[in-house]
Amino acid sequence: MAFNLSRRNLLAGAAGGAVATVAGCTTKSAAIAEEAGAFPAEAAAVDNPYLLGAPKGVALLSRNENPYGPAQSARDMIAYAASKGAYYTAQGATEKLLKMIADRHGVSPDHVALSTGSGEILSALALHYGPKGPIVAPRLFWDTTALYAKNLGMAEIQRVPLSAEMEIDLPAMEAAVTSETGAIQLCNPNNPTGLVTPGNVIRPAVRRMAAKAPVIVDEAYIELADDEAGTTCVPLVKEGLDVIVTRTFSKIYGMAGIRMGYLIAKPEIAQKVQSVVMSWTPSTSIAAAIGCYNDMDFINMSKGKIVECRDMVTATLDTLGMEYLPSQTNFVYFKSGKEANALQKAMADKMISVRGQYMDYNEWTRVSMGFVEDVEKFCKTLPDAVASI
Ligand SMILES: Cc1ncc(COP(=O)(O)O)c(C=O)c1O
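Under numbering that gives the first Met the number 0, the first residue of the sequence shown carries the number 0, and numbering increases by one thereafter.
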């Protein structure tokens with residue numbers, strides 16, 4: 000049975016009213032990015048329509064979600080928030096979340112801005128800095144929000160080739176930054192490669208670049224890095240530099256559908272961005288985030304499952320002799336030796352959803368971690384799927 004899990008289909012398939020209500024710039028920008036080819040549609044025809052979650056029987060391993068979420072601590076707060084859903088979000092709830100985030104990072108709350116998923120804040124940043132000059136970025140990164148601004152005619156992306164090891168080439172990026180640069184955008188760990196740039200490498204480079212133009216560091220997967228504290232660029236914000244770190248509740252917290260994200264930056268940037276984000280973050284999202292932000296049991300459980308799955312995937316790839324990049328995220332980018340879109344289709348025929356081709360990386364496939372049993376299914380199916388192409 001074929002199925003199609005592209006975000007565009009989610010948009011088209013959901014009830015129209017719901018789309019109009021929930022479609023902040025993030026959802027629209029994802030759809031626009033798909034149009035532009037950043038996220039090719041995932042399989043053939045839709046014959047398994049669904050509203051929420053994974054279609055029955057499908058191993059959903061294409062979207063870097065954490066199906067073990069949301070944490071019970073978040074669900075309890077969502078239920079409570081739903082009972083108060085008649086009211087606009089209370090300022091006290093927003094302030095509480097701002098303070099929790101600020102305390103964790105050792106900054107004052109005016110360094111934090113909240114948004115409906117980090118995609119919204121990244122889109123706002125692209126709209127803000129794009130008109131000033133090109134956004135310098137690695138050739139392969141999570142480009143959805145920069146493309147959103149580009150599609151509105153408000154930004155150009157200046158892509159800098161990756162190194163031979165497919166790492167972000169920081170010296171080349173530094174060389175690309177000029178007085179005309181609007182902003183620099185990095186993703187650490189990077190998506191779709193899964194590679195981390197260590198703190199002792201990224202921080203000096205970001206420090207130098209920030210002297211020339213604002214640097215956005217998208218840390219959507221940082222909680223999964225082996226050394227989160229040593230990798231994050233938040234210390235550069237504390238130094239007062241033009242560095243903007245974005246984080247999300249969509250990944251380790253398993254709240255992709257709930258929509259909550261934030262940035263940490265110096266107060267003038269945080270206030271500016273907070274004033275231009277397009278949506279009013281739902282009270283359910285803020286409540287959920289308050290509920291689970293410090294839920295270390297859930298975070299450790301999730302990380303354990305993700306690492307277990309990642310080990311299974313890399314063991315399978317080792318057995319098959321396939322090249323892969325050492326991931327510090329909840330996905331693995333591997334070289335199957337077959338056309339990525341053909342492998343995506345072969346897996347879809349077996350009810351497994353993996354990502355299709357990125358740019359001209361035609362033999363590379365990204366598989367996300369998910370339920371352990373779904374990843375087991377992927378590992379068992381991969382040899383036959385590859386052989387069938
Ligand atoms: C690197 C990266 N940043 C940001 C996002 C946006 O996530 P969200 O808007 O759900 O926070 C994603 C989503 O896949 C991502 O991969």
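Every residue, glycine too, gets a C-beta built ideally from N, C-alpha and C.
Would you mind reading off the limits of the alpha helix (DSSP H) that contains residue i?
i           : result
residue 230 : 227–230
residue 206 : 198–209
residue 262 : Element bounds for residue 262: not the alpha helix (DSSP H) but the beta strand (DSSP E), 260–263.
residue 268 : 266–275
residue 216 : Here residue 216 belongs to no alpha helix (DSSP H); instead the beta strand (DSSP E) covers 214–217.
residue 63  : First-last for residue 63: undefined, no H or E at that position.
residue 163 : Here residue 163 belongs to no alpha helix (DSSP H), and DSSP marks it neither H nor E.
residue 149 : 143–150
residue 170 : 169–175
For residue i and residue j, I'd like the C-alpha separation in whole angstroms.
i           : j           : result
residue 367 : residue 191 : 10 Å
residue 323 : residue 330 : 11 Å
residue 234 : residue 371 : 35 Å
residue 107 : residue 377 : 45 Å
residue 375 : residue 201 : 35 Å
residue 237 : residue 217 : 17 Å
residue 185 : residue 211 : 15 Å
residue 151 : residue 83  : 36 Å
residue 278 : residue 239 : 28 Å
residue 95  : residue 54  : 36 Å
residue 276 : residue 266 : 15 Å
residue 246 : residue 126 : 18 Å
residue 103 : residue 345 : 44 Å
residue 162 : residue 172 : 11 Å
residue 149 : residue 318 : 42 Å
residue 362 : residue 334 : 5 Å
residue 118 : residue 199 : 27 Å
residue 341 : residue 81  : 43 Å
residue 380 : residue 141 : 28 Å
residue 214 : residue 189 : 15 Å
residue 385 : residue 121 : 36 Å
residue 353 : residue 112 : 33 Å
residue 281 : residue 321 : 44 Å
residue 39  : residue 347 : Any answer about residue 39 is weak, because its pLDDT of 39 lies below 50 and its placement is not dependable; what the coordinates show is given next. The straight-line gap from Cα to Cα measures roughly 14 Å.
residue 351 : residue 310 : 19 Å
residue 382 : residue 339 : 14 Å
residue 252 : residue 130 : 33 Å
residue 316 : residue 228 : 30 Å
residue 305 : residue 52  : 18 Å
residue 31  : residue 263 : With a pLDDT of 45 at residue 31, under the threshold of 50, the modelled position of this residue cannot be trusted; read the value that follows with caution. Straight-line Cα distance between these residues: approximately 27 Å.
residue 90  : residue 114 : 14 Å
residue 369 : residue 332 : 15 Å
residue 221 : residue 87  : 31 Å
residue 298 : residue 97  : 20 Å
Select from the options the residue whose C-alpha is nearest the C-alpha of residue i.
i           : options            : result
residue 226 : 196, 94, 342       : 196
residue 135 : 119, 159, 251      : 159
residue 232 : 156, 79, 242       : 242
residue 208 : 144, 179, 218      : 179
residue 76  : 130, 290, 388      : 290
residue 66  : 113, 117, 249      : 249
residue 124 : 388, 138, 104, 146 : 146
residue 133 : 93, 320, 183       : 183
residue 64  : 143, 255, 112, 56  : 255
residue 294 : 58, 166, 341, 74   : 74
residue 283 : 229, 51, 93, 61    : 93
residue 78  : 353, 288, 138, 315 : 288
residue 176 : 164, 162, 327, 157 : 157
residue 337 : 364, 111, 380      : 364
residue 71  : 348, 144, 296      : 296
residue 394 : 381, 343, 204, 109 : In the structure displayed, the chain extends from 0 to 388; residue 394 sits before or after that span and is not available.
residue 59  : 383, 349, 219      : 349
residue 358 : 56, 138, 116       : 138
residue 313 : 387, 325, 144, 62  : 325
residue 68  : 301, 105, 230, 383 : 301
residue 373 : 307, 206, 387, 292 : 307
residue 154 : 174, 164, 128      : 128
residue 387 : 355, 315, 343, 274 : 343
residue 285 : 299, 305, 259      : 259
residue 101 : 261, 187, 169, 356 : 261
For residue i, report the span of its beta strand (DSSP E) as first-last.
i           : result
residue 242 : 242–247
residue 136 : 134–137
residue 185 : 182–186
residue 289 : Note, residue 289: premise wrong, no beta strand (DSSP E); alpha helix (DSSP H) at 282–291.
residue 236 : Note, residue 236: premise wrong, no beta strand (DSSP E); alpha helix (DSSP H) at 233–237.
residue 156 : 156–159
(request) Could you name each continuous beta strand (DSSP E) segment of 3 residues or more that falls completely within the region 83–132, going from the start of the chain to the end? (result) 111–114
(request) Ignoring anything shorter than 3 residues or poking outside the region 296–381, list the beta strand (DSSP E) runs there in chain order. (result) 330–334, 363–367
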